[in-house]
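Protein chains: 2
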Amino acid sequence: MAIEPIKVTVDTVALAVQEGQLEIVLVKRKREPFKNLWALPGGFLSDDDSIEDAAARVLFEETNVGGVYLEQLYTFGDRGRDPRARVVTASYLALLRQDDLELRASADASGVAWWPVLALPQLAFDHKRIVEYAHQRIKYKIEYSAAAFNLLPDKFTLRDLQSVYEAVLGRPVDNRNFRKKFLKSGVLRELDETTQQGSFRPARLYGFSQEEFDQLPDRPVFSF
Amino acid sequence: MAIEPIKVTVDTVALAVQEGQLEIVLVKRKREPFKNLWALPGGFLSDDDSIEDAAARVLFEETNVGGVYLEQLYTFGDRGRDPRARVVTASYLALLRQDDLELRASADASGVAWWPVLALPQLAFDHKRIVEYAHQRIKYKIEYSAAAFNLLPDKFTLRDLQSVYEAVLGRPVDNRNFRKKFLKSGVLRELDETTQQGSFRPARLYGFSQEEFDQLPDRPVFSF
DNA sequence: CCAAAAGTGTTGACTTTACACCCATGC
DNA sequence: GCATGGGTGTAAAGTCAACACTTTTGG
Chain W
0 MAIEPIKVTV DTVALAVQEG QLEIVLVKRK REPFKNLWAL PGGFLSDDDS IEDAAARVLF
60 EETNVGGVYL EQLYTFGDRG RDPRARVVTA SYLALLRQDD LELRASADAS GVAWWPVLAL
120 PQLAFDHKRI VEYAHQRIKY KIEYSAAAFN LLPDKFTLRD LQSVYEAVLG RPVDNRNFRK
180 KFLKSGVLRE LDETTQQGSF RPARLYGFSQ EEFDQLPDRP VFSF
Chain L
0 MAIEPIKVTV DTVALAVQEG QLEIVLVKRK REPFKNLWAL PGGFLSDDDS IEDAAARVLF
60 EETNVGGVYL EQLYTFGDRG RDPRARVVTA SYLALLRQDD LELRASADAS GVAWWPVLAL
120 PQLAFDHKRI VEYAHQRIKY KIEYSAAAFN LLPDKFTLRD LQSVYEAVLG RPVDNRNFRK
180 KFLKSGVLRE LDETTQQGSF RPARLYGFSQ EEFDQLPDRP VFSF
């Protein structure tokens, strides 16, 4: 059983919702292969304690984004994915709050930027496929998990929450049904604060209650 | 960035339902580490075209089981999983029909056997965790996918189908509601055949219709 | 008083759950 | 005719989907 040398990398699909759009962080490659194409932030598994640690480290190194929710997506290892060598890539999904965003490119890249998931440039390697996989995952996940709250600050309005669902699902949802269902679910803590941002009625702020969420059944409870 | 040598392996959780119990294939290790403990069938990624191919090859080599449904589960890569070296393991779920079963151990193992998922022996490495992950996955998956039909022969009775659900979910389900829901879903093709296996009413045989299944929404439709 | 976004209820269709007896067969 | 597993219906409760107007605020 000949074992050819294999390299292990991590690539991260880092998502955020900005102005009602689902966006993703890409870095522009400075070198071959795929020089000048946009790619997912990624790099080699090194002396990290875990693959997830590697994903967090690489994401921070390449984009300056840290302290975020991370989960493993899928591992790609087909022959020929990388023209140089056999590369096995564990892909990760990162969910960012608007707060977290202060992108800064590393020396290895000639740029780092947000791109709308629905209007991506041509991507390096098989990264298009990885983004599609991530997009599918977050669509499912938002219906049965608390993933949406990883895309929001600690305090948010019901409209903010609805915008996250609409951006992720890619379609409008009925606002009366949306509010009814979320308020009934018990996972929202109503705060004694409101926004104050224009010449119209202020919106109430809410927080997320992990304790209440933990008591929900683990089937889709937030589907719209 | 020092890159220590990393090995990539695949481990497979191969499941089948036998006499109403969910069971899994384990091999008994002939060597250190974990000599004489039971472990998942697994081995190194070699010159396979894909990781999934490697999982299929290794499963066949170690257990003589082939031609089965395979899907990737999760990739484990924490430091210290294997005392010898840094090992990154892509784990796979295999679903077997009772037909497929003609276990035969390879020279590397001192045994291969079916074990009930609910009564496993002590396992090598972190394989217990991998089995738990697989078990969770199949529990979810059976509710929204056609996974159950990968655990059944081409022709089966409604009772067979219900037994698969009960074994996977680990609890009884209401048999009137079960039949009603499955028959209404349209994914079963009623055959002009019955079983003939005792001094009692014969059961009608059914087949699975992939075409009808493909038209279902991709949310849980087989939850009980 | 106007513009803008926040917030609110009801109805009908459908789905889910709980529950107990008759049917067909071989011996 | 009996033992065994196969097969069937209904009603009440709950959930989902569709739909339009009133409220609050600043200027």
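Heads up: the protein sequence lines correspond to chains W and L, in order. Each residue of the first sequence is one higher than the one before, counting from 0 in numbering that gives the first Met the number 0. Each residue of the second sequence is one higher than the one before, counting from 0 in numbering that gives the first Met the number 0. The beta carbon of each residue, even a glycine, is placed where N, CA and C say it ideally should be.
DSSP three-state assignment for K140/W, whether helix, strand or coil: Start at 1 with the first residue of the first sequence, and residue 140/W comes out as number 141. In the structure shown, K140/W sits in a helix (DSSP, three-state: H, G or I).
Bounding residues of the beta strand (DSSP E) (the contiguous stretch that carries R177/W): Here residue 177/W corresponds to residue number 178 of the first sequence, with the count starting at 1. Residue 177/W is actually Phe in this sequence, not Arg. No beta strand (DSSP E) contains F177/W, which is instead part of the alpha helix (DSSP H) from 174-184.
Residue-chain proximity (P219/L, chain W), Cβ-Cβ < 8 Å: The residue you call residue 219/L lines up with position 220 of the second sequence. Yes - at least one Cβ of chain W is within 8 Å of the one on P219/L.
Close beta carbons around F195/L, own chain, < 8 Å, minus the five adjacent residues each side: Taking the first residue of the second sequence as 1, we reach residue 195/L at position 196. First, the residue type needs correcting, since residue 195/L is Gln and not Phe in the sequence shown. Same-chain partners within the cutoff: P201.
Local conformation of A93/L per DSSP, three classes: One-based indexing of the second sequence puts residue 93/L at position 94. It is a strand residue.
Proximity test, Cβ basis, 8 Å: T62/W and chain L: In the first sequence, counting from the first residue as 1, residue 62/W sits at position 63. Closer than 8 Å: no.
8 Å Cβ cutoff, A89/W in contact with chain L: Position 90 of the first sequence, counted from the start, is the residue given in the question as residue 89/W. Output row for A89/W: interface = yes.
8 Å Cβ cutoff, I129/L in contact with chain W: Within the second sequence, numbered from 1, the residue matching residue 129/L stands at position 130. With 8 Å as the cut-off, I129/L does not count as an interface residue toward chain W.
Alpha carbon of M0/L to alpha carbon of A84/L, nearest angstrom: Position 1 of the second sequence, counted from the first residue, corresponds to residue 0/L. Position 85 of the second sequence, counted from the first residue, corresponds to residue 84/L. Residue confidence is low: M0/L scores 48 on pLDDT, short of 50, so the model does not pin down where it sits. Its coordinate-derived value is still stated next. The straight-line gap from Cα to Cα measures roughly 18 Å.
Close beta carbons around K6/L, own chain, < 6 Å, minus the five adjacent residues each side: Numbered from 1 along the second sequence, position 7 holds the residue referred to as residue 6/L. Result list for K6/L: A84, V86, in chain order.
S162/L to G110/L span [Cα, whole Å]: As a first step, residue 162/L is located in the second sequence; it is residue number 163 there, counting from the start. As a first step, residue 110/L is located in the second sequence; it is residue number 111 there, counting from the start. Whole-angstrom Cα-Cα distance: 28 Å.
K31/L versus G79/L: straight-line alpha-carbon distance, rounded: As a first step, residue 31/L must be located in the second sequence, where it is residue number 32. As a first step, residue 79/L must be located in the second sequence, where it is residue number 80. Inspection of the sequence shows that residue 31/L is occupied by Glu rather than by Lys. Each residue's Cα considered, the two are about 15 Å apart.
Touching by the beta-carbon criterion (3+ pairs, under 8 Å), the region 136-150 of chain W and the region 162-172 of chain W: yes
DSSP three-state assignment for V130/W, whether helix, strand or coil: Locating residue 130/W in the first sequence gives position 131, counting from the first residue. Three-state DSSP puts V130/W in a helix.
Residues that DSSP places opposite Q20/L in a beta bridge: The residue given as residue 20/L occupies position 21 in the second sequence. Partner(s): Q17/L.
The region 46-60 of chain W / the region 196-216 of chain W touching (three or more Cβ pairs under 8 Å): no
Boundaries of the alpha helix (DSSP H) in which L160/L is found, first to last residue: On the second sequence, position 161 is the one that residue 160/L refers to. Element bounds for L160/L: 157-168.
First through last residue of the alpha helix (DSSP H) which encompasses D243/L: Beyond the ends of chain L as shown, which are 0 and 223, falls residue 243/L; an answer cannot be given.
L235/W vs W114/W beta-carbon contact at 8 Å: This structure gives no information on residue 235/W, because the portion of chain W shown stretches from 0 to 223.
Residues near K29/L by beta carbon distance below 7 Å, same chain, minus five either side: Along the second sequence, read from residue 1 onward, the residue named residue 29/L stands at position 30. Excluding residues within five positions, the ones whose Cβ falls inside 7 Å are D107, A108, S109.
Nearest neighbour of I137/W, chosen from D125/W, L92/W, E61/W, Q97/W [CA to CA]: Start at 1 with the first residue of the first sequence, and residue 137/W comes out as number 138. Taking only the C-alpha atoms, the option nearest I137/W is L92/W.
Within chain L, partners of D77/W - CB distance below 7 Å: Stepping through the first sequence from its first residue, residue 77/W is reached at position 78. Result: D48, S49.
Contacts around G76/L, its chain only, beta-carbon distance under 6 Å, and the 5 residues preceding and following it disregarded: Within the second sequence, the letter at position 77 stands for residue 76/L. For G76/L, where only same-chain residues beyond five positions count, the Cβ hits under 6 Å are V87.
Beta-carbon neighbours of Y132/L, restricted to chain W and to distances below 9 Å: Translated into positions along the second sequence, residue 132/L becomes position 133. Residues of chain W passing the Cβ test: none, with the nearest at roughly 11 Å.
Assigned secondary structure, A1/W (DSSP; H/G/I helix, E/B strand, else coil): Along the first sequence, read from residue 1 onward, the residue named residue 1/W stands at position 2. Summary for A1/W: the model assigns pLDDT 47, below 50, so the residue's position carries little reliability; its value from the coordinates is reported in the next sentence. If DSSP states are grouped into helix, strand and coil, A1/W belongs with coil.
Per DSSP, the bridge partner or partners of R85/W: Along the first sequence, read from residue 1 onward, the residue named residue 85/W stands at position 86. Answer is I5/W.
CA-to-CA distance, L69/L to D213/L, given in whole angstroms: Locating residue 213/L in the second sequence gives position 214, where the first residue counts as 1. Locating residue 69/L in the second sequence gives position 70, where the first residue counts as 1. Computed Cα separation, rounded: 19 Å.
Partner residues on chain W for Y73/L, Cβ-Cβ distance less than 8 Å: One-based indexing of the second sequence puts residue 73/L at position 74. The answer, in chain order, is Q71.
Three-state secondary structure (DSSP) of D213/W: Indexing the first sequence from 1 puts residue 213/W at position 214. Looking at D213/W - three-state DSSP - the assignment turns out to be helix.
Alpha-carbon to alpha-carbon, S90/W and V9/W: By 1-based counting over the first sequence, the position of residue 9/W is 10. By 1-based counting over the first sequence, the position of residue 90/W is 91. Roughly 6 Å between the two C-alpha positions.
Strand pairing of L187/W, partner residues [DSSP]: Mapped onto the first sequence, residue 187/W falls at position 188. DSSP lists F207/W as partners of L187/W.
CB contact below 8 Å: I23/W versus chain L: For the purposes of this step, residue 23/W is taken as residue 24 along the first sequence, with counting starting at 1. Closer than 8 Å: no.
Where P120/L falls, given that 16 or more other Cβ within 10 Å makes a residue buried: In the second sequence, residue 120/L corresponds to position 121, counting from 1. Result: exposed.
Other residues of its chain near Q209/L: CB distance less than 6 Å, five sequence neighbours each side excluded: The sequence position of residue 209/L within the second sequence is 210, counting from 1. If we look at Q209/L and ignore the five residues flanking it on each side, it has no Cβ neighbours.
Classification of A118/L by the beta-carbon crowding that lies within 10 angstroms, buried from 16 upward: Start at 1 with the first residue of the second sequence, and residue 118/L comes out as number 119. The residue in question, A118/L, is exposed, as its Cβ has fewer than 16 Cβ neighbours within 10 Å.
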